[in-house]
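Presented below is the structure to which this report refers.
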Amino acid sequence: MENPSLVAPVKRPRRLRAHTHIRQMVQETQLSVSDFIQPIFIEESIEAPVAIPSLPGVNRIPESDIAREVNELYQLGIRYVMPFGISKHKDEYGSDTWHNNGLLTRMIRTIKEARPDMIVIPDICFCEYTTHGHCGVVHDGYVDNDLTVTNLVKQSVAAAKAGADMLAPSAMMDGQVSAIRQGLDAAGYPNVSIMAHAIKFASAFYGPFRSAVDCELEGDRNTYQADPHNGRQALLEAALDEDEGADILMVKPGTPYLDVLKSLSDNTRLPLAVYQVSGEYAMLKNAAQAGLIEEQRAVLETMVGFKRAGASVIVTYYAKELAQWLQH
Ligand code: PBG
C-alpha cells in the first residue's frame with residue numbers, strides 16, 4: 028500500500044516564499060508613514076521637556092517646544108498629530124477645554140501656526156481637565172450623558188475655531204457624534220471631520236496614559252466605556268456613529284481587540300482607525316529594553332496586524348520611530 032506521506036504535495040505555498048522578490052510580489056499589506064498619527068503630550072507651565080516614566084522614550088513637552096517638535100515630526104514625514112494637554116486649570120466640568128485661551132485651543136493654534144499642513148486631530152474629552160478625572164459631568168456619582176454631550180459640543184466648536192482639522196471624540200457618551208456634527212455645521216465648520224471612537228473598551232491598558240497625563244481617576248469608567256467581553260456590541264456602536272455622521276471609526280485599544288477591528292471592516296465602508304494605547308506601547312518597550320524581543324520587528328508586526336485586520340489609520344506612540352525605521 029502506498030504511504031500517503033511519501034506522495035509529493037501538488038500545492039506548495041512555499042513556492043511563493045522562495046525568493047525575497049517573490050515574497051514582496053505577493054505581500055498583501057504595506058506600511059507607510061502616512062498610516063500613523065503621533066500623539067503628543069503638552070504640559071502647561073513647564074519650561075523643559077519632562078520624561079514620562081510609564082512611557083519610556085515619550086516626553087511631556089512645554090508649549091514653547093510645540094513648534095520645534097511639530098517641525099521635527101513633519102520632517103520625518105509625519106502629517107497627523109493628536110495633542111493631549113496636561114492641564115493646571117482643572118475644574119468639575121473641564122471648562123478650560125472650551126475657553127478661547129485654554130490649553131486645548133492654544134495647543135491647536137500653536138501647531139497650526141508652526142505647520143499649517145500638519146493635520147491636527149485633538150482628542151475630544153474631559154478627563155485631563157476635570158478634578159475627578161472622569162470624561163464628563165458627574166452627578167450623584169454617575170457621569171451625566173446629556174450634560175456631557177452639551178459640553179463636548181462646546182469643546183468641539185472651540186477646537187474647530189482654533190484650527191483643528193479633525194476631531195477624535197473619546198468620551199463614549201451616547202449621541203456625541205451627532206451632537207458634535209450638528210454643532211460644527213451650525214458654527215460654520217462643515218469640513219471638520221470626525222474620527223469617532225466607535226468603540227473604546229474599559230481597558231487596563233490605559234494605565235500608563237493615566238499617569239502620563241496626571242489623571243487621578245476616582246472609580247472606574249465602566250458605566251461609559253465598553254465591556255471587553257462584548258464584540259457584537261462594537262457593531263451596534265459603530266452603526267450608531269456611522270448614522271450620526273462619523274467619517275472614520277476607531278477601535279481602542281488595538282492588539283487585544285483585533286477581532287473587533289476585523290468585524291467592523293467586514294461591516295462598514297467607512298475607513299477604520301485603531302489606537303495602539305499606552306499599555307501596548309509600554310509592554311513592547313519594556314520587553315525590548317529587557318532584551319526579550321527585537322523591538323523593530325515586533326513593532327512592525329503589530330502594525331501589520333492592525334492593517335491586516337482592516338485599519339488604515341494607526342494612532343501609536345511609536346509613530347516617530349516608525350517614520351525613522353521606514354526611511355531605511
Ligand atoms: C481619555 C483618553 C484615554 C486615552 C486616550 N484618551 C484614557 C482613558 O480613557 O482613561 C488612553 C490612551 C492610551 O492609553 O494611550 N479620554
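Numbering-wise (the working numbering), the sequence shown opens with residue 28 and increments by one.
Just so it is clear, CB atoms sit at the ideal spot from N, CA and C, and this is done for glycine as well.
Please read all numbers here as calculations on a predicted model, not as lab measurements.
For S230, the CB contacts under 6 angstroms within the same chain, skipping 5 residues up- and downstream, are P280 in chain order.
For the 9 angstroms CB-CB criterion, K347 and D62 do not form a contact.
Under a 10 Å Cβ-count criterion, Q316 is classified as exposed, with fewer than 16 other Cβ atoms of the shown protein chains found around its own Cβ.
Within the same chain, Cβ atoms closer than 7 angstroms to the Cβ of L100 are found at Q65, V108 and K347, the five residues on either side in sequence being excluded. Your pair G258 and V301 does not check out as a contact, with CB atoms roughly 15 angstroms apart and the cut at 8 angstroms. Taking C-beta atoms as the reference points, V326 and Y345 count as a pair closer than 9 angstroms.
As computed with DSSP, Y169 is found in a beta bridge with H166.
The Cβ-Cβ distance between L291 and A253 does not fall below 9 angstroms. For E155, the shortest C-beta to heavy atom distance toward the ligand PBG is below 8 angstroms. Per DSSP, the beta bridge partners of M193 are S220. Going by C-alpha positions, M222 is about 21 angstroms away from V97. Within a 10 Å sphere around the beta-carbon of S114 sit 16 or more other beta-carbons, which makes this residue buried.
Under the rule that a run must span 4 or more residues, the alpha helix (DSSP H) segments found entirely inside the region 93 to 146 read 93 to 102 and 130 to 141.
In the structure shown, V287 adopts helical secondary structure according to DSSP, grouped into three states.
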